[in-house]
Amino acid sequence: MTTHADSTFTFLDWKEDELGRTEGGTRLARAYVRNTYRGAVEAADTHCAYTIAYAPDGTGTFSGYQLLEGTVAGRKGGFAVREEGTFDERGTVRCSFEVVPGSGSGELTGLTGSGSYTAEHGVKAVPYRFEHSLGLG
2 MTTHADSTFT FLDWKEDELG RTEGGTRLAR AYVRNTYRGA VEAADTHCAY
52 TIAYAPDGTG TFSGYQLLEG TVAGRKGGFA VREEGTFDER GTVRCSFEVV
102 PGSGSGELTG LTGSGSYTAE HGVKAVPYRF EHSLGLG
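Each residue of the sequence shown is one higher than the one before, counting from 2 in the working numbering.
If you want it as C-alpha coordinates, here you go:
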(Lines of atoms letter the chains of each structure in order from A and count residues from 1; the text may use other names and numbers.)
(Lines give C-alpha, C1' and ligand atoms only; values in the text may rest on other atoms or scores of the structure.)
Protein backbone atom coordinates (compact mmCIF):
# COMPACT_ATOMS: atom_id res chain seq x y z
CA MET A 1 0.00 0.00 0.00
CA THR A 2 1.35 3.44 -0.96
CA THR A 3 1.31 6.20 1.65
CA HIS A 4 1.33 9.91 0.89
CA ALA A 5 3.24 12.22 3.26
CA ASP A 6 3.72 15.98 3.28
CA SER A 7 6.47 16.99 5.70
CA THR A 8 9.45 19.33 5.98
CA PHE A 9 13.21 19.20 6.08
CA THR A 10 15.59 21.86 7.35
CA PHE A 11 19.00 22.73 5.93
CA LEU A 12 21.74 22.36 8.56
CA ASP A 13 24.88 22.94 6.53
CA TRP A 14 26.08 23.53 2.93
CA LYS A 15 29.74 23.24 1.90
CA GLU A 16 30.59 23.72 -1.75
CA ASP A 17 33.80 23.30 -3.73
CA GLU A 18 34.30 24.45 -7.32
CA LEU A 19 35.47 21.63 -9.58
CA GLY A 20 36.10 23.69 -12.70
CA ARG A 21 34.87 26.38 -15.05
CA THR A 22 34.63 26.63 -18.83
CA GLU A 23 35.88 29.61 -20.78
CA GLY A 24 32.24 30.54 -21.46
CA GLY A 25 31.45 30.66 -17.76
CA THR A 26 29.71 27.37 -16.94
CA ARG A 27 30.87 26.26 -13.50
CA LEU A 28 30.87 22.76 -12.06
CA ALA A 29 30.77 22.31 -8.28
CA ARG A 30 30.33 19.65 -5.64
CA ALA A 31 28.23 20.38 -2.53
CA TYR A 32 28.10 18.46 0.73
CA VAL A 33 24.85 19.08 2.58
CA ARG A 34 23.31 18.07 5.90
CA ASN A 35 19.56 18.20 6.59
CA THR A 36 17.10 17.25 9.32
CA TYR A 37 13.72 15.72 8.40
CA ARG A 38 10.58 16.02 10.55
CA GLY A 39 7.16 14.47 10.04
CA ALA A 40 6.51 11.14 8.33
CA VAL A 41 10.29 10.85 7.87
CA GLU A 42 12.30 11.53 11.03
CA ALA A 43 16.02 11.73 10.26
CA ALA A 44 18.57 14.01 11.91
CA ASP A 45 21.86 15.09 10.34
CA THR A 46 21.54 13.36 6.95
CA HIS A 47 24.45 13.12 4.53
CA CYS A 48 24.03 14.42 0.99
CA ALA A 49 26.37 15.03 -1.95
CA TYR A 50 25.40 16.98 -5.09
CA THR A 51 27.16 17.69 -8.35
CA ILE A 52 25.99 21.07 -9.65
CA ALA A 53 26.31 22.72 -13.08
CA TYR A 54 25.91 26.52 -12.86
CA ALA A 55 25.10 28.22 -16.19
CA PRO A 56 26.37 31.77 -16.84
CA ASP A 57 22.79 33.13 -16.67
CA GLY A 58 22.38 32.01 -13.02
CA THR A 59 20.34 28.89 -13.74
CA GLY A 60 21.53 25.34 -13.32
CA THR A 61 21.00 21.67 -12.72
CA PHE A 62 22.10 19.21 -10.07
CA SER A 63 22.03 15.55 -9.15
CA GLY A 64 23.07 13.69 -6.06
CA TYR A 65 22.40 11.18 -3.33
CA GLN A 66 21.23 11.55 0.24
CA LEU A 67 21.63 9.00 3.03
CA LEU A 68 18.95 9.06 5.76
CA GLU A 69 18.96 7.16 9.05
CA GLY A 70 15.91 7.32 11.29
CA THR A 71 12.25 6.38 10.90
CA VAL A 72 9.58 6.36 8.21
CA ALA A 73 6.03 6.08 9.56
CA GLY A 74 7.50 4.87 12.86
CA ARG A 75 9.67 2.12 11.33
CA LYS A 76 13.39 2.42 12.12
CA GLY A 77 16.20 1.99 9.62
CA GLY A 78 18.07 3.73 6.86
CA PHE A 79 17.82 4.33 3.13
CA ALA A 80 19.25 6.42 0.30
CA VAL A 81 17.53 8.68 -2.21
CA ARG A 82 18.70 9.82 -5.65
CA GLU A 83 17.90 13.47 -6.42
CA GLU A 84 17.66 15.42 -9.70
CA GLY A 85 16.77 19.07 -9.96
CA THR A 86 17.01 22.52 -11.47
CA PHE A 87 17.22 26.05 -10.16
CA ASP A 88 16.40 29.39 -11.71
CA GLU A 89 18.22 32.73 -11.56
CA ARG A 90 16.27 33.70 -8.39
CA GLY A 91 17.47 30.57 -6.59
CA THR A 92 14.18 28.64 -6.67
CA VAL A 93 15.02 24.93 -6.63
CA ARG A 94 12.74 22.23 -8.05
CA CYS A 95 13.78 18.70 -7.21
CA SER A 96 12.44 15.19 -7.59
CA PHE A 97 13.83 12.20 -5.73
CA GLU A 98 13.40 8.45 -5.50
CA VAL A 99 14.41 5.82 -2.99
CA VAL A 100 17.43 3.93 -4.30
CA PRO A 101 16.20 0.37 -4.96
CA GLY A 102 17.49 -2.08 -2.35
CA SER A 103 18.91 0.66 -0.09
CA GLY A 104 16.48 0.18 2.80
CA SER A 105 17.85 -1.36 6.00
CA GLY A 106 16.39 -2.48 9.33
CA GLU A 107 12.61 -2.10 9.42
CA LEU A 108 12.87 -0.10 6.16
CA THR A 109 14.07 -3.08 4.13
CA GLY A 110 11.96 -3.10 0.96
CA LEU A 111 11.11 0.63 1.16
CA THR A 112 10.18 2.13 -2.20
CA GLY A 113 9.05 5.62 -3.03
CA SER A 114 9.51 8.96 -4.70
CA GLY A 115 8.82 12.59 -4.01
CA SER A 116 9.53 16.20 -4.78
CA TYR A 117 10.08 19.63 -3.31
CA THR A 118 10.39 23.27 -4.27
CA ALA A 119 12.77 25.37 -2.19
CA GLU A 120 13.07 29.14 -2.18
CA HIS A 121 16.53 30.70 -1.71
CA GLY A 122 17.10 31.69 1.91
CA VAL A 123 14.24 29.64 3.36
CA LYS A 124 15.65 26.92 5.64
CA ALA A 125 12.49 24.83 6.28
CA VAL A 126 11.42 23.19 3.01
CA PRO A 127 8.12 21.33 2.52
CA TYR A 128 8.30 18.10 0.53
CA ARG A 129 5.94 15.41 -0.72
CA PHE A 130 6.83 11.70 -0.37
CA GLU A 131 4.84 8.77 -1.78
CA HIS A 132 6.18 5.51 -0.37
CA SER A 133 5.46 1.89 0.37
CA LEU A 134 6.81 -0.01 3.36
CA GLY A 135 5.91 -3.43 2.01
CA LEU A 136 8.60 -5.81 3.20
CA GLY A 137 9.91 -8.25 0.70
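We put the CB at the ideal spot given by N, CA and C, even for glycine. Given the structure is predicted, the values throughout are model-derived calculations rather than measurements.
Taken atom to atom, the span from the alpha-carbon of A41 to that of K77 is near 12 Å.
Beta bridge pairing from DSSP links P128 with T9. Residue pairing by DSSP puts V42 in a beta bridge opposite V73. Three or more beta-carbon pairs separated by less than 8 Å are not found between the stretch 98-116 and the stretch 11-22, which leaves the two stretches without contact. Exclusion of the five residues before and after P128 leaves T9 as the residues of its chain whose Cβ lies within less than 6 Å of its Cβ. In its chain, beyond the 5 residues on either side, A41, F131 have a beta carbon closer than 6 Å to the beta carbon of A6. Here T4 carries a strand assignment [DSSP, helix/strand/coil]. Contact between S64 and E90 is absent: CB atoms are separated by about 20 Å, not below the 8 Å threshold.
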